[in-house]
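Protein chains in written order, with our numbering: chain A, 44 to 353; chain B, 44 to 353; chain C, 44 to 353; chain D, 44 to 353.
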């Protein structure tokens, strides 16, 4: 019964927002991202029953950037379980994603796994003694498995561009190193970090990869357990409180769904029990979140009544 | 069908935690609160269908303290609607509830309505030109209406004690005043603020008063609309991201429900569509949240499956 | 021999800077100060030998504002000696004069006696159990004694204006109160504070009052010891490192003399063994220091070779 | 006439402090420094007339560490003059020497040339397009010239040790790089930085090298001008306001002389017109300054009356 409605809702939202395609500023902090055509907009919604609804550029790969942090976190929790939280907190930071201030005040322990410093620690954990090359391979394998799609690739030009311009992340890495917070060399951790941020995926692929978070930790299509239900809930909780940087509170207020954004213009959102959603449009707002993407999710949550808050 | 289960679950949780009654530190920052007997523990759960389940000291009034901020916010939104957000943000602060640092960096605009500075602004809005006496009367009337109980009172000894010892809140008030962020005199706003924090209610009364947040903005018992559904959702969202100070992320992770704590040892939690819950035990953890209360809510969310995150 | 040179130097500096009278912004944070005619400029230099050289509006009283902090510090050190430093630090703050951030990070203990928070603590010490009225009287008596002039008055309109608009100082006072850093009521301490800031003195009077700092702690004219030589040295040291707020380093670099500025546009400077100097012009630079006053002192130090740095 | 007094004073101070040799904590942040024997103490005083007075271990080379920043600043000012101040400030930071907080708040521009971040920028300027090897050679040549001693060397073990453990400085470098504040590669700048910090000199050599700062910018022994008098004054001013990290205010208060400390336990002080002084003892106080060294300078300034403050 939901199927026709959902198709209609997504199509309506796309049509309503289409005139605004191109709004916002494309991320320019690395050259490769700055070259992306801003006039792109895609939506993909996948339900636990396997229904897939898409609109616009839903099959065009884009740089997932920080959205990868959700999957890295999943991997790292799989690696060392709840002991991860001795190395990174799970509180909103109240600061910009690349801020170093709090890190100094809190002895190099990042506030949560979704700010850059936290994701660097999570990457360090996920490496678990592997070489950077092996670690990157494993992450890519995990993404392909989750998305059920062997065609996912790392955009090497983006990875190289990040490596060449990632001075701020170098600073974060070295700063944590000075507090003995990293097991591996800064260069190696950042190498892996920049590569998983440079994975290119489409809305359809990302929604598919995130479906387990909407389905109690299981891949409902293939019937595999990815994580335990409690872990899926907890990752969703982290996405809701920390997933959109220092606009997380606003996103919770307006949309009411766990989400994770990336400066490539994608946002992965989870409606527990209902659907995994991915929207993408490169133009960003002042917080580094996709402007059209946020609008689309707000409209979708309103029309479907999927907000987790009633 | 849920009824017997819920009664069993609450009874079990109470029984399991009873041996730990007295854990934690009673708030000592005002003399009146410091005198409270720490060996108290109550739980009340109320469903939209009107079912009420209680355990322990669920009918003993305690100082609601910061839990009042949820109701003040409801009043202030009723007064001036979404324009409230020009005066206060809706982001987690990443700082302690009484921090003034961020306030200086952000020109006197508090991060959210649940830190002290934000609640002082919300109080200023809720006063709306009334005298302090009238404003306090109106707030009390609102609480009695929501709880459907005329016996709710302000503990004047607590209010006087807060007034006498509230230097930090005075500092916050004057600081915002220096940025022209308050319409009323600092003394008057704080007078109202200290009084609504000093309202005494039981778990049963608080759960009843918060029931509209679990029921789409309606009082499902009397059939009144308190706020529109979207507003109830949004207040829940704010509770989830900001309701337990700088342990909000952890509470979302462990419990997965919107909540608001007070240093009196109470926590009001909302399971949208399912129940309003109030737990109370005076012993606090290091973040100023009830230690046993948090444990009880974690157990309750786990056994009922009420987490909003799946 | 120095006499004719000094007269010439001061006259030259006045003549060179006269075309720029009116530059800068008059302090507008209290109404009374905002009304001051910006087109005023005075210089007074007094040597230990009793030579007095003046130029321009050197005999017109102006609001000494923060310059009073030097004399309050002298009083407070006389009251409780070096134990004062348990209550206030003696390091540059690296922050604006009215910042509250550091105060939170350092448990309410101000960095030095010349930022507002520090001067409020110093005022609290100088009160020493007196009523505000008595304390204000004593401070005024001290200023008249030092300046050897009974005609010095407090500008009551300025004091009242500060009291009415001093929300930021109220915040600082209450904040320190919350850390138990004040012996007296916030209102009383601020009453005294605002009154001593509102003392009106001329360049001639201020230079005369500060002469003991240039003369090893003695009033060389009357032959009285005001403070021990070591104390005079130390007050000079504090003026040099902290006297011009967060432009103290720049002032030391350009001028090379201990100094203390006020938002009324005055700057008192000390050339140890050589002279006490007061310049005044109401137009301020971005740090709240007299623009023309700073220029005049830089020129004076260069032409006299009075820099303490060689 | 001063000569015999000075000899007596230095001998007395040494004798009085000798029983306390070994107090304080030897810097342990790099392994090579941690191995230094703490039971060493030297004093050297050199006057513009060429008189040299020493006591204790005045001829034993130690790691000059941050004292090198004074000489790097001299070089960089010689390179690009006052335009240096567009790249680094000249205000006390109010923060620890290795803090990164202020750097974030001020867009990567360090507060002054004596905190680590500032010294890294100054090193970048001093390199001026040279290879690291050439730059290091030039600095060493400059130190040998100033000290009039060809035997000064870089302790390669210390330099290597700093390079291996300098994560915090790496973070500072990369952080500034992210704001485009460095002309050269972070690795190269830090290579030079670590090498000039690893220069080994004795008290006698350092006092000799700093003599120009006490003599109006001239080497009074050979009669060479090193810098203009105004520049010597200004470097002295910077040393006084910023030379002992966040204990600079205290040092000015107690000693009253421009100074620059290093974590190797040395302090270079300047009494303009009177003498250059170097003290050394490896045990540090909580701010990273030589404990015995500070005591010795306080006693010396008191007995000679050399304080710049009268």
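Ideal Cβ placement from N, Cα and C applies to all residues, glycine included.
Check distances from the C-beta atoms of the segment 187 to 212 of chain A to those of chain D and list, in chain order, the residues that come in under 7 Å. Of all residues in the segment 187 to 212 of chain A, the ones placed with a Cβ closer than 7 Å to any Cβ belonging to chain D are 210, 211, in chain order.
Tell me which same chain residues have a C-beta within less than 6 Å of the C-beta of residue 219/A, skipping the five on either side of it? The beta carbon of residue 219/A sits closer than 6 Å to those of 151, 225, all from its chain and outside the five residues before and after it, given in chain order.
For residue 270/B and residue 284/A, I'd like the C-alpha separation in whole angstroms. Take the alpha-carbon of residue 270/B and the one of residue 284/A: they are about 24 Å apart.
Could you pull out every residue in the same chain whose Cβ sits closer than 7 Å to the Cβ of residue 241/B, ignoring the five residues on either side in sequence? Cβ within range, chain order: 106, 197, 198, 201, 202, 205.
Note down the Cα distance separating residue 72/C from residue 213/C, rounded to an integer number of angstroms. The straight-line gap from Cα to Cα measures roughly 14 Å.
Given 8 Å as the limit, is there contact between the segment 151 to 162 of chain B and the segment 111 to 120 of chain B, that is, 3 or more CB pairs closer than that? The answer is yes - the segment 111 to 120 of chain B touches the segment 151 to 162 of chain B, with three or more Cβ pairs under 8 Å.
Buried versus exposed call for residue 126/D [16 or more other C-beta atoms within 10 Å across all chains shown]: Exposed is the call here.
Unbroken beta strand (DSSP E) runs of length 3 or more, entirely within the segment 70 to 143 of chain B: which are they? Qualifying beta strand (DSSP E) stretches, in chain order: 85 to 89, 95 to 99.
Residues of chain A with a CB under 8 Å from the CB of residue 144/D: which are they? 143, 144, 147, 148, listed in chain order.
Continuous alpha helix (DSSP H) stretch holding residue 314/A: start and end: Run containing residue 314/A: none in the alpha helix (DSSP H); it sits in the beta strand (DSSP E), 309 to 314.
Determine, for residue 235/C, whether the minimum Cβ-Cβ distance to residues of chain B falls below 8 Å. With a threshold of 8 Å between beta carbons, residue 235/C makes no contact with chain B.
For chain A, find out if any of its Cβ atoms is closer than 8 Å to the Cβ of residue 156/B; answer yes or no. Answer no: the Cβ-Cβ gap between residue 156/B and chain A never drops below 8 Å.
Taking 8 Å as the cut-off, decide whether the C-beta atoms of residue 336/D and residue 349/D are in contact. With contacts defined by Cβ atoms closer than 8 Å, residue 336/D and residue 349/D do not form a contacting pair.
For residue 234/D, which beta-bridge partners are listed by DSSP? BP columns for residue 234/D are empty, so no partner.
Classify residue 17/A: buried if its beta carbon has 16 or more other beta carbons within 10 angstroms, exposed otherwise. Outside the displayed range of chain A (44 to 353) lies residue 17/A, so it cannot be described from this structure.
Evaluate contact between the segment 82 to 95 of chain C and the segment 230 to 240 of chain C, counting only Cβ atoms and requiring at least three cross-stretch pairs below 8 Å. Because the criterion of three Cβ pairs below 8 Å is not met, the segment 82 to 95 of chain C and the segment 230 to 240 of chain C do not touch.
Within its chain, find whatever has a CB closer than 8 Å to the CB of residue 332/C; leave out the 5 residues flanking it on each side and keep chain order. If we look at residue 332/C and ignore the five residues flanking it on each side, its Cβ neighbours are 287, 288, 290, 294, 304, 310.
Output yes if chain C places a C-beta closer than 8 Å to the C-beta of residue 57/D; else output no. Taking Cβ atoms only, chain C never reaches closer than 8 Å to residue 57/D, which makes this a no.
If we ignore side chains and look at the alpha-carbon of each, how far apart do residue 123/B and residue 168/B end up? If you draw a straight line from the Cα of residue 123/B to the Cα of residue 168/B, it comes to about 8 Å.
Supposed close pair residue 314/B, residue 273/B - CB separation, criterion 8 Å: Between residue 273/B and residue 314/B the Cβ distance is about 18 Å, and since that is not below 8 Å, they are no contact.
Within 7 Å of chain D by C-beta, residues of the segment 321 to 350 of chain C in sequence order: Those would be 350, in chain order.
Hey, quick one: how far does the beta strand (DSSP E) through residue 150/C stretch, first residue to last? Looking at the DSSP string, residue 150/C is not in any beta strand (DSSP E), and its letter there is neither H nor E.
Less than 8 Å between CB atoms is the rule here; does residue 214/D satisfy it with respect to chain A? Judged by the 8 Å Cβ criterion, residue 214/D is in contact with chain A.
Between the beta-carbon of residue 163/B and the beta-carbon of residue 343/B, is there less than 8 Å? Contact annotation: residue 163/B and residue 343/B have beta-carbon atoms that are not nearer than 8 Å.
Chain-ordered neighbours of residue 283/B on chain A, where CB pairs are closer than 9 Å: The contacting residues are 280, 283, 284, 295, 351, 352.
Within 10 angstroms of the Cβ of residue 248/D, are there 16 or more other Cβ atoms? Answer buried if so, exposed if not. Classification for residue 248/D: buried.
Quick check on residue 221/C - is its C-beta less than 8 Å from some C-beta in chain B? Yes, residue 221/C counts as interfacial toward chain B.
Is residue 138/C close to chain F, meaning its C-beta is less than 8 Å from at least one C-beta of that chain? Protein chains in the displayed structure are A, B, C and D, and chain F is not among them.
Below 7 Å on C-beta distance, what does residue 299/B contact in chain A? In chain order: 276, 280.
Report yes if the CB atom of residue 352/C is closer than 8 Å to the CB atom of residue 144/D, and no otherwise. With respect to residue 144/D, residue 352/C sits apart: the two C-beta atoms are not nearer than 8 Å.
CB contact check: residue 45/C to chain D, cutoff 8 Å: Bear in mind that the predicted position of residue 45/C carries a pLDDT of just 45, short of 50, making it unreliable; the figure below should be weighed with that in mind. Look at residue 45/C: its C-beta is not under 8 Å from any C-beta on chain D.
So, is the C-beta of residue 128/D closer than 8 Å to a C-beta in chain A? No, its Cβ sits nowhere closer than 8 Å to a Cβ of chain A.
Burial state of residue 62/C, where buried means 16 or more other Cβ atoms lie within 10 Å: Counting the other CB atoms within 10 Å of its CB gives residue 62/C a total below 16, which places it among the exposed residues.
Interfacial residues, the segment 159 to 170 of chain B to chain A, with Cβ spacing under 7 Å: For the segment 159 to 170 of chain B, there are no residues whose beta carbon sits under 7 Å from a beta carbon of chain A.
Assuming residue 321/D and residue 250/D form a contact by the criterion Cβ under 8 Å, report the distance between their Cβ atoms to the nearest whole angstrom. About 4 Å; that satisfies the 8 Å criterion.
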